[in-house]
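Residue numbers (this note's numbering), protein chains in the order written: chain A, 1 to 329; chain B, 1001 to 1329.
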């Protein structure tokens, strides 16, 4: 029975490597509900099937290595454990995490590792589940790291593009179309902010009129995306809820935002809990100009910076080509 | 100069009658930002051009007559005054208001009178302005009545269908498409609630998680409308902000909502500040069954009820055919 189930679910693939991108959380106007993928920066997770039961963190390499190796506290391993349990998989897995996303950057690093890990397991199934059905498992991984159930980065990293999560009673993420030409520039100044601490500093309540204004912005933004209405997107890409509080932890934020808007940004705010600052632009050239201006502000504040320029509609997690058999890896 | 401006703007039409429909305010999920028109119930406003300058309320007839005749406090007249000033019209107007929408019903009566009035003036212009550009004038009329600047009913009554208003910095309403087959049933139990009083009873602040959940619902609802995704609309048509507080003023609300949902409603909540209760259904037959069940609840509570069944995508304000010349009117 156990052997039958095992052979039913898992195929012959013993090792899969998956890249999952960094992402912009909140996207300014959609605190805890919107996220979008970025191009070029991400985490790579390699999962090896093992005959030894259990889920293990086998290695952590790349630009961040000080991550929990306890599987219950590691986002990638916790996500795999959730998937193993959810699908009743009878196997063990060794997980190798190669980090490309800086820790505490506000670019969804823990979410990317979780998304990559469940995507990898899915590649090992005889009949893979739909991509969207991996979301709950990746979200459980994210919860292990942040202590809070917000899936804006997880959905974006897994599915790509602009995604909407969290509607009570409707757990599946919703993909929101965006005009092709929209570019996002993210500038990450080297200030480390812990998501958990940052959330504790958030307002516990919001005034009614603020909520109404934010709801109006968010719904206009969603409508603007569906209608490909750049003016409407630009008029509504604003955060009235958390930006003001979080900006205090990011020296230079106000100047960087001003620089972005002066360069023609449709909107500019903080990615996730920061310190990364993102802005949306209508063209690659405006994005380049705006990105340089934003980076200069943080350089003037004395921070090293990393700049990412990416289409807003960037792809999500994807399997990497395996090295050919016998290549020694 | 004055004479030139006058002749530039106004044509030869001396009298116009306009019907503007009742509307559902908030639509549950979009407090102060969403509204949609209803079919069959509305106010009719007749505007007569006069050689005597000024804007006057000439008559108030129909099911409500106890309305302010002071033009500054009457929604129709205040809206006309705003339009006269905004467009620099050099003429006087006498306004006849025929009310079809009950006072304090939560069905946007003051908004309908304002929408009808500005639509009528527009018909008298040599070059009418775009419908959407009438919104700010009608909103000023609504403000005269409610003391608060919320345009959810005004936009719906003026433009028809499902509308979104109020994004800071973007004052033009946005029309949201809805699946054709969606029906709305409104049951109005004869309890009078003053909008102004009802707003004072609202929570002044909301908890962060409540706001996030409501934002997730609202954005999923907007996405669901654009995608014609009935499941997503049904999963997100919910109000976590004001329904619980306002429900206390509507005896039988919880039972009526339960009856609507049992009859297959996608969602059920309070229209505007109540006491009208609305529900969305997937078909006319489900709407009929649900409407009867909802009305029965309020009848059992001892209230007279009025039921309106309407497509969600109902038309907005429209000019009525004038009586032929010399017919004596």
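Backbone N, C-alpha and C fix where the C-beta goes; we use that ideal spot for every residue, glycine too.
| query | result |
| --- | --- |
| Who are the neighbours of residue 203(A) on chain B, taking C-beta pairs under 7 Å? | 1208 |
| Since residue 1099(B) is in the beta strand (DSSP E), which residue starts that stretch and which ends it? | 1092-1099 |
| Tell me the DSSP secondary structure of residue 1141(B) in three-state form. | helix |
| Could you have a look at residue 85(A) and say whether DSSP puts it in helix, strand or coil? | helix |
| Looking at the unbroken alpha helix (DSSP H) that takes in residue 72(A), where does it start and where does it end? | First-last for residue 72(A): undefined, no H or E at that position. |
| Leaving aside the five residues before and after residue 134(A) along the sequence, list all residues of the same chain whose C-beta is less than 7 Å from its C-beta, in chain order. | 118, 119, 122 and 158 |
| With C-beta atoms as the reference, is residue 1136(B) less than 8 Å away from residue 1181(B)? | no |
| Determine, for residue 219(A), whether the minimum Cβ-Cβ distance to residues of chain B falls below 8 Å. | yes |
| Let me confirm a value: residue 1(A) is counted as buried when at least 16 other C-beta atoms fall within 10 Å, else exposed. Which label applies? | Because residue 1(A) sits at a pLDDT of 41, beneath the cut-off of 50, its placement in the model cannot be relied upon, and the point is left open. |
| With 16 other CB atoms within 10 Å as the buried threshold, where does residue 63(A) fall? | exposed |
| Report the option in 161(A), 274(A) and 21(A) whose CA atom is closest to the CA atom of residue 330(A). | Residue 330(A) lies beyond the range of chain A shown here (1 to 329); nothing can be said about it. |
| Spell out whether any CB of chain A is found under 8 Å from the CB atom of residue 1030(B). | yes |
| Which residues, taken in chain order from the segment 1274-1288 of chain B, show a beta carbon closer than 9 Å to some beta carbon of chain A? | none |
| Kindly indicate if chain A contains any beta-carbon less than 8 Å away from that of residue 952(B). | The question about residue 952(B) has no answer, for chain B in this structure spans 1001 to 1329. |
| Determine whether the Cβ of residue 232(A) lies closer than 8 Å to any Cβ atom of chain B. | yes |
| Residues bridged to residue 1213(B) by DSSP? | Answer is none; residue 1213(B) lacks a bridge partner. |
| Check the C-beta distance from residue 270(A) over to residue 106(A) and give it rounded, since I have them as a contact under 8 Å. | 7 Å |
| Evaluate contact between the segment 25-33 of chain A and the segment 254-269 of chain A, counting only Cβ atoms and requiring at least three cross-stretch pairs below 8 Å. | yes |
| In or out: residue 1126(B) buried (at least 16 other Cβ within 10 Å) or exposed? | exposed |
| Considering only residues of the same chain and omitting the five flanking positions on each side of residue 1129(B), which have a CB-CB separation below 7 Å? | 1122 |
| Give every residue of the same chain whose Cβ lies closer than 7 Å to the Cβ of residue 263(A), excluding the five residues on either side of it in the sequence, and list them in chain order. | 286, 289, 290 and 293 |
| Since residue 1162(B) and residue 1312(B) are thought to touch, with beta carbons under 8 Å apart, how far apart are those beta carbons, to the nearest angstrom? | 6 Å |
| For residue 257(A), count neighbouring Cβ atoms within 10 angstroms of its own Cβ and tell me buried if that reaches 16, exposed if not. | buried |
| In three-state DSSP terms, what is residue 1110(B)? | helix |
| Tell me which residues of the segment 1065-1093 of chain B have at least one Cβ-Cβ distance to chain A shorter than 7 Å, keeping chain order. | none |
| Between residue 143(A) and chain B, is there a C-beta pair that is closer than 8 Å? | no |
| In chain order, what residues of the segment 301-323 of chain A put their CB closer than 8 Å to some CB of chain B? | none |
| When the cut-off is 8 Å and only beta carbons count, does residue 1010(B) lie next to chain A? | no |
| Quick check: is the beta carbon of residue 124(A) nearer than 8 Å to any beta carbon in chain B? | no |
| With burial defined as no fewer than 16 other Cβ atoms inside 10 Å of the residue's Cβ, what is the status of residue 1315(B): buried or exposed? | exposed |
| To which residues of the same chain is residue 139(A) closer than 6 Å at the C-beta, ignoring the five residues directly before and after it? | 151 and 154 |
| Using a Cβ cut-off of 8 Å (strictly closer), state whether residue 156(A) contacts chain B. | no |
| Which partner residues does residue 1183(B) have in the DSSP bridge list? | 1281(B) and 1311(B) |
| Assuming residue 1048(B) is part of the beta strand (DSSP E), what are its boundary residues? | 1034-1050 |
| Return the chain-ordered list of same chain residues with a C-beta closer than 8 Å to the C-beta of residue 320(A), the five sequence neighbours on each side being excluded. | 17, 18, 19 and 44 |
| Please report the distance separating the alpha-carbon of residue 61(A) from that of residue 42(A). | 13 Å |
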